[in-house]
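For the record, the sequence lines run as chains A and B.
Position in the first sequence (from 1) plus 31 gives the number in our numbering.
Position in the second sequence (from 1) plus 31 gives the number in our numbering.
There are 2 protein chains.
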Amino acid sequence: MTQHSVDVAVIGAGIVGLGIAWTMAESGRTVAVIDPAPATGATYAAAGMLAPVSELHYQEEDLLELMLASARLYPTFIEPLGAAEAGYRTTATITVGSDPADRDSLADLRQAQLAHGLSVEQLTIREARSREPFLSPRLSSAFSIGQDHQVDPRRLADRLQSAIAAMAATEKWTHDAFIQQNAVALLHERPSDAGSRVNGVALADGSTMRTGEVIVANGLSAGRLEGLPDWLALPLRPVHGDIIRLRIPDRLRPFLTSTIRGLVRGLPVYLVPRADGTVVLGATQREDGSGGVSAGGVHQLLRDAQVLVPAVTELELIEVIARARPATPDNAPLLGRVTRRVDALEDDIPGLIVATGFFRHGVLLTPIAAQHCLHLIDGTADDRWALALFRPDRFSKPTPWRSEK
Amino acid sequence: MTQHSVDVAVIGAGIVGLGIAWTMAESGRTVAVIDPAPATGATYAAAGMLAPVSELHYQEEDLLELMLASARLYPTFIEPLGAAEAGYRTTATITVGSDPADRDSLADLRQAQLAHGLSVEQLTIREARSREPFLSPRLSSAFSIGQDHQVDPRRLADRLQSAIAAMAATEKWTHDAFIQQNAVALLHERPSDAGSRVNGVALADGSTMRTGEVIVANGLSAGRLEGLPDWLALPLRPVHGDIIRLRIPDRLRPFLTSTIRGLVRGLPVYLVPRADGTVVLGATQREDGSGGVSAGGVHQLLRDAQVLVPAVTELELIEVIARARPATPDNAPLLGRVTRRVDALEDDIPGLIVATGFFRHGVLLTPIAAQHCLHLIDGTADDRWALALFRPDRFSKPTPWRSEK
Chain A
32 MTQHSVDVAV IGAGIVGLGI AWTMAESGRT VAVIDPAPAT GATYAAAGML APVSELHYQE
92 EDLLELMLAS ARLYPTFIEP LGAAEAGYRT TATITVGSDP ADRDSLADLR QAQLAHGLSV
152 EQLTIREARS REPFLSPRLS SAFSIGQDHQ VDPRRLADRL QSAIAAMAAT EKWTHDAFIQ
212 QNAVALLHER PSDAGSRVNG VALADGSTMR TGEVIVANGL SAGRLEGLPD WLALPLRPVH
272 GDIIRLRIPD RLRPFLTSTI RGLVRGLPVY LVPRADGTVV LGATQREDGS GGVSAGGVHQ
332 LLRDAQVLVP AVTELELIEV IARARPATPD NAPLLGRVTR RVDALEDDIP GLIVATGFFR
392 HGVLLTPIAA QHCLHLIDGT ADDRWALALF RPDRFSKPTP WRSEK
Chain B
32 MTQHSVDVAV IGAGIVGLGI AWTMAESGRT VAVIDPAPAT GATYAAAGML APVSELHYQE
92 EDLLELMLAS ARLYPTFIEP LGAAEAGYRT TATITVGSDP ADRDSLADLR QAQLAHGLSV
152 EQLTIREARS REPFLSPRLS SAFSIGQDHQ VDPRRLADRL QSAIAAMAAT EKWTHDAFIQ
212 QNAVALLHER PSDAGSRVNG VALADGSTMR TGEVIVANGL SAGRLEGLPD WLALPLRPVH
272 GDIIRLRIPD RLRPFLTSTI RGLVRGLPVY LVPRADGTVV LGATQREDGS GGVSAGGVHQ
332 LLRDAQVLVP AVTELELIEV IARARPATPD NAPLLGRVTR RVDALEDDIP GLIVATGFFR
392 HGVLLTPIAA QHCLHLIDGT ADDRWALALF RPDRFSKPTP WRSEK
C-alpha cells in the first residue's frame, strides 16, 4: 500500500480537528485530516454560539478563562477564512427568563458574571422588546451580553475544508489533504512500546501514514484508537442534543437579530438567528444513550421557545436532528500531550497530542485549541491552562516505563 | 416524437390514480400513468386510516355512504396486492377524549354514529387501558370502533406500482406503464371543441398519447390542465397537514396495537401504529397557504399526543413532513364524467373522467373511486352517488354547445 508522510496528521474532521489542521497548514506544515465523514458529527448540529459569558451559567467556571481567550482569538482566526461566509456575527446575546424563579436564577448568574468582571446589562422587558419586537411581553427578566456572539458551524467547517484544500494546492502537497477513512491505530517508534514516540497512523485500508505529530481529535471515538497507552483513560460520554432548524417566512423577517437564550421554568432554550433567514432552536442535553431525535426533546424545545417568542409557531420547521457531544467527567476538554514516566522523570509521549472532549464548547474553543496545539509543537506552549486543568491524562494514573536505551 | 396509444391514461400517480390504473389493468385494459413524481404528494404523508365511522366526526355525513362502501371493498381490493405487504390491518380504532368538553363532543358524535346504524362501543377508561396500556389514565372518555381500520399508504402505493408494472410485463404492453413527466393538455376529437370526445393527452416533452379514456386524478393540479372546458370549475384548495413519524424503542414495543384518535381540548390528534415499529402522528389541517412543515403544528401534535399517550415523549422522531390535500367547497370528491349540453340535450364529454378532490379521504376512497371509474367506462355505473353528489361539474354551469355535425 502507498505510504505517505506528513508533518501533522489530524484524526477527526469535526470543527476542532479542522481548525487545528488549518492552523497547522497556515504555519507551513503539511497536513492530512483523517475522517470517513468530515463535519457530520456534533459539528453538524452545533448552534455556534460563541458565548463565554452566558455559558458560565452552567457552573463550569474553570473553563471561563479558556473560553474568553478563545473568544478573543475568534476575529483573527476567522478573518482569513471569510468572517461573513462563515456566518460570524457579533450581535449581542439577550438572555431572558420566563417566570419568577427564572428571574432569580438569571439574577444569581449575573452576580457570578459580574464577579468575574464580565459585562451583563440589565434590560427592562420594554427595552428588550424594543430591540427584539418578537419577544413575548410576558417575560420575568432580560439582560444583554454584548460579547457573546455566533458563527455558523456548518459554514465554518466548509470554509476550513476549502482553505486547507487551497493550501494543499498552492503548496503542492504530494498527498491528499483529506483522507476519508478511519484511523485504526497509532504507530510507534518502538512498536511494542505505547510510550515511545508516535510516528504514524495505520488506516482502515491497510495503508500507513508517517507523521511528525498526530493529533487525536475524533471526539467520542478517541478512546477506540489502538496504540494509545493502556493506562490512559479518556472517559468520554455521549451527551445527545436535539436541534431544530426553522425558516422565517418573508412576512416575519428579520424576526430576530440577537441570539436569545432563555430559561423557561428552569429549562434552558435558545434561538440563534442565521443570516440566511433561518433560526436554530436548541438544545436539549440527554444522557439516555439514545442517538435518535427525541420526540419529547422536540416538544420541549418548541414549547419553551414559544414562551419566549410566541411567533415561533408561525415558522416553518425545516430540519430536526440529534447529535452526541463528547463530554468528560468535569465537562472540560482533554487537550494536550500525554505524560509518561520514564525511570524517575516525567515526560511527554513525543509525536502525540489529544484534543477531544469539548462537549458544548467545541465551536467556541476551536481557535484556542488550534493555537495551543501549534504552540505545543513549536515548544512555545503557555502551560497556564493546559498543564493543570485540561491535560488529557488527568483522569489516568501513568504507569512507569523503563527506559529502553 | 413517439406517439403511443392506450386504452386508459391516468393523469396523476397518487394513491387514487394508482388504484384506478390498477383496476383498469385488472379489467384487461392497457394503461399509462402519467406523473413526474409518483406517490410523492398527499399520498406520501397520508396516515392511511380507513375510518368511515370516526370520520363522521367532521360532519360530512353525505360522504358516509361512499366511505362505508369503499371500506367494504377494501379486503377484495387489497387481497391481490398483498394485504400484509400493504400494511392493511383490521384492528379496531379507539377514540378518546381528554377533558369534559371532549367527552361531550365524542358522546354527541356517538349519537350521530348510532343514528346512522354504526357500531361504537363505549369503554371505561380502565377497559381502554387494558387494551392499550400506554393510554393515559387521565382521559375523559373512550370508545372502540371495530370497523375503522388502516393501511400503509406508502406501501400500498408501492404495491400498486409493482402490480401495474407486472401486468405490463405479463401482457407485453407496447408502452411504458409509468410516464414520469407532466401532462399538459387534453386532446380532443375536434381540436377547437373542448366538449368533443377526449382522445389523447399532450405531454411536457411534446409527445402525445392517444387514449380511449383519460382519467384526471392529479389532485390539486387538475385545474391547470389545458383542454378542460372553460366553464368547468374545479374549485380545489390546498389543505396542508403536518405528519410526524416516530420510532418505538425496543423496550416499549409493541406500544400500541390500535389506532388512537383523540380530541384534546377540542383539537383532533391521532396515533397510527404501523407493523414496522413506527407510529404516525397527525394531523393538522392548515389553510394558511404555507407548504412547509409548521413549527406550531408539530408542537401541537406532540403536545396533544402526549396528553393521550404520555410515553410519546420517549419515542424517536424520525420524520416530519407536510403535504397539501386537495379539498373542495363541500369537502366531497370531484368524481365522474363531465356534463355538456348539446343543443337541448345533456350528455357527458366522451373519453373524460375526473377523479380528484378526495381531501382527507383519498386512501379510504380509492377502491370505490376505482370501481366507479371502471363502471363508468363499462357503462354499468351505479348513479346513486355519482350523479347527485360527487359529479365534478357540480360547481359549474355548463355553457350550451351548438352541435357541429
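We treat Cβ as the ideally placed atom computed from N, Cα and C, and that holds for glycine.
task: Mark B/T411 as exposed unless 16 or more other C-beta atoms lie within 10 angstroms of its C-beta, in which case mark it buried.
output: With fewer than 16 neighbouring CB atoms inside 10 Å of its own CB, B/T411 falls in the exposed class.
Beta carbon of B/V369 nearer than 8 Å to that of B/I380: yes
field: Where A/T205 falls, given that 16 or more other Cβ within 10 Å makes a residue buried
entry: exposed
message: Does chain A have any CB closer than 8 Å to the CB of B/S58?
response: no
message: Against chain A, which members of the region 66-78 of chain B pass a CB distance test of less than 9 Å?
response: Within the region 66-78 of chain B, no residue has a Cβ lying closer than 9 Å to any Cβ of chain A.
- prompt: What are the complete alpha helix (DSSP H) segments, minimum 4 residues, inside the region 162-201 of chain B?
  reply: 184-201
query: Using Cβ-Cβ distances below 8 Å, what residues of the region 238-259 of chain A are close to chain B?
result: none
message: Which runs of the beta strand (DSSP E) at least 3 residues long sit entirely within the region 344-419 of chain B? Give them in chain order.
response: 347-358, 365-367, 370-373, 376-379, 383-387
task: Given a cut-off of 8 Å, decide if A/G45 and A/A248 are closer than it, judged by their beta-carbon atoms.
output: yes
message: Taking 8 Å as the threshold (C-beta atoms), are B/G50 and B/G250 in contact?
response: no
- prompt: Relative to the alpha-carbon of A/D281, which residue among A/D307, A/L294, A/S289, A/R296 has its alpha-carbon at the smallest distance?
  reply: The residue among A/D307, A/L294, A/S289, A/R296 with its C-alpha nearest the C-alpha of A/D281 is A/D307.
message: Is the beta carbon of A/P67 closer than 8 Å to that of A/Q212?
response: yes
task: Could you confirm whether any beta carbon from chain A is found closer than 8 Å to the beta carbon of B/E220?
output: False, the Cβ-Cβ gap to chain A never drops below 8 Å.
task: Please state whether DSSP places B/I246 in a helix, a strand or coil.
output: The answer is strand: DSSP assigns B/I246 an E or B state.
message: Please tell me whether B/V324 has its Cβ less than 8 Å away from any Cβ of chain A.
response: yes
- prompt: Curious, which full-length beta strand (DSSP E) runs of at least 3 residues does the region 261-330 of chain B contain?
  reply: 268-278, 290-295, 298-304, 309-313
query: Can you give the Cα-Cα distance for A/L407 and A/P222, rounded to whole angstroms?
result: 24 Å
Within chain B, partners of A/V351 - CB distance below 8 Å: The answer, in chain order, is L348, V351.
message: Less than 8 Å between CB atoms is the rule here; does B/R425 satisfy it with respect to chain A?
response: Chain A, which has no Cβ nearer than 8 Å to the Cβ of B/R425, makes this no.
Closer than 8 Å at the beta carbon, the chain B residues around A/P280: Among the residues of chain B, those whose CB is under 8 Å from the CB of A/P280 are S321, following chain order.
query: Would DSSP call B/L149 helix, strand or coil?
result: Looking at B/L149 - three-state DSSP - the assignment turns out to be coil, as it is neither helix nor strand.
message: According to DSSP, is A/R134 part of a helix, a strand, or is it coil?
response: helix
- request: Taking B/I349 as the reference, give the member of A/L346, A/S36, A/R372, A/V324 with the closest Cα.
  value: A/V324
message: One question on the structure: do B/T309 and B/L277 come within less than 8 Å of each other, judged by their Cβ atoms?
response: Between B/T309 and B/L277, the gap from beta carbon to beta carbon is short of 8 Å.
message: Across the region 388-408 of chain B and the region 99-109 of chain B, are there enough close Cβ pairs to call them in contact, namely three or more that are closer than 8 Å?
response: The region 388-408 of chain B is in contact with the region 99-109 of chain B.
Simplified DSSP assignment, three categories, for B/E154: Reading the sequence as shown, one finds Leu at residue 154 of chain B and not Glu. Three-state result, B/L154: strand.
message: With a threshold of 8 Å between beta carbons, is B/Q316 in contact with chain E?
response: This model lacks chain E altogether, as its protein chains are A and B.
query: A/R372: buried (16+ other C-beta within 10 angstroms of its C-beta) or exposed?
result: By the neighbour-count rule (16 or more Cβ atoms within 10 Å), A/R372 is not buried but exposed.
Where B/A115 falls, given that 16 or more other Cβ within 10 Å makes a residue buried: Flag for B/A115 reads exposed.
- prompt: Where does B/G45 fall in DSSP's three states?
  reply: coil
- prompt: Going by alpha carbons, who is nearest to B/E244 out of B/A314, B/D207, B/A200, B/L218?
  reply: Nearest C-alpha to B/E244: B/L218.
message: Is there a C-beta anywhere in chain B that falls below 8 Å from the one on A/L287?
response: no
- prompt: What does B/Q337 reach in chain A if we use C-beta pairs closer than 9 Å?
  reply: A326, G327, H330
field: Secondary structure of A/S36, DSSP reduced to three states
entry: strand
task: Go ahead and label A/S150 buried or exposed: buried means 16 or more other beta carbons lie within 10 angstroms of its beta carbon, across all protein chains shown.
output: exposed
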